[in-house]
Amino acid sequence: MRSAGCRLPSLASSVERGAYAKVMEAFNEYVVMMADHVVASRNDKEIESIGSEIKRLSKELEATKREGKKDAEKIEDLTEDWRRVHLENEALTSQMVAQRARISPRWASKKKEVSAEIWLQEVTANIDLLNELRDGGLTVDAELARLKGMEGDCEDLVALAAVPDWWASKKKEVSAEIWLQEVTANIDLLNELRDGGLTVDAELARLKGMEGDCEDLVALAAVPDW
164 MRSAGCRLPS
174 LASSVERGAY
184 AKVMEAFNEY
194 VVMMADHVVA
204 SRNDKEIESI
214 GSEIKRLSKE
224 LEATKREGKK
234 DAEKIEDLTE
244 DWRRVHLENE
254 ALTSQMVAQR
264 ARISPRWASK
274 KKEVSAEIWL
284 QEVTANIDLL
294 NELRDGGLTV
304 DAELARLKGM
314 EGDCEDLVAL
324 AAVPDWWASK
334 KKEVSAEIWL
344 QEVTANIDLL
354 NELRDGGLTV
364 DAELARLKGM
374 EGDCEDLVAL
384 AAVPDW
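Numbering follows our numbering, in which position 206 of the sequence shown is assigned residue number 369; successive positions increment by one, without gaps.
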């Protein structure tokens with residue numbers, strides 16, 4: 164390198180040429196060294212920047228791992244809760260099915276027992292009515308009028324007994340139904356007697372024969388452990 168207007172030295176002698184060559188060689192080495200230094204400096208900054216980015220990403224990755232672990236634990240807890248509830252539901256369903264299987268035959272038997280009891284009550288009521296008619300304690304028309312008046316009251320009681328919590332026991336509903344059946348049976352009997360379709364003595368004998376059969380049905384329909 165030289166300043167403007169600076170003349171190059173004469174290279175007339177070999178000594179001068181050798182010295183100049185060494186100077187140029189040294190200068191070129193310096194230029195290369197400076198270029199390497201600039202490149203190295205640029206690379207150091209890039210490496211530093213990359214290092215910072217790696218640190219940032221590492222922190223984010225670690226945070227993500229922690230959050231992921233928490234989410235995984237939540238999912239595991241929810242899954243365990245679902246399994247527990249599912250098993251409880253299956254157990255409850257099995258219990259209900261088993262209970263229905265136990266109750267169904269008992270309920271069928273109970274219905275038969277109630278039906279047999281109602282039939283027995285009807286027969287007994289008719290027998291009592293016929294005895295009173297035969298003994299002269301009642302007349303057909305008077306008793307028929309009285310029972311027809313009672314029939315509406317019985318129907319009202321049956322309707323009220325079917326309302327939830329109206330009466331504390333299902334037995335009261337059954338009792339109302341039995342009473343209605345007795346009244347209806349007596350009305351039907353009186354109508355037939357009045358119309359001449361039956362005679363007191365013949366019907367009384369027939370019903371007394373039925374009474375024993377009804378009692379046997381009630382005994383058979385009764386089941387233990389109801």
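Positions of the beta carbon are idealized from the N, C-alpha and C atoms, including for glycine.
Where residue i sits in the DSSP three-state scheme
{"i": "THR347", "result": "helix"}
{"i": "GLY372", "result": "helix"}
{"i": "LEU356", "result": "helix"}
{"i": "LEU250", "result": "helix"}
{"i": "GLY315", "result": "helix"}
{"i": "THR362", "result": "coil"}
Among the options, nearest to residue i - alpha-carbon criterion
{"i": "LEU293", "options": "MET313, ILE350, GLY375 and GLY312", "result": "ILE350"}
{"i": "ASN354", "options": "GLY375, LEU310 and GLU230", "result": "LEU310"}
{"i": "MET313", "options": "SER215, LEU250, MET373 and GLU345", "result": "GLU345"}
{"i": "ASP358", "options": "LEU343, MET373, ASP304 and GLY372", "result": "ASP304"}
{"i": "LYS371", "options": "LEU307, ILE341 and ASP291", "result": "ASP291"}
Local Cβ density within 10 Å of residue i, reported as buried at 16 or more and exposed below that
{"i": "ALA368", "result": "exposed"}
{"i": "LEU356", "result": "buried"}
{"i": "GLU236", "result": "exposed"}
{"i": "ALA288", "result": "buried"}
{"i": "ALA365", "result": "exposed"}
{"i": "ALA348", "result": "buried"}
{"i": "ALA352", "result": "Before going on, a small fix: residue 352 reads as Leu here, not Ala. By the 10 Å Cβ count, LEU352 comes out buried."}
{"i": "LEU296", "result": "buried"}
{"i": "LEU343", "result": "buried"}
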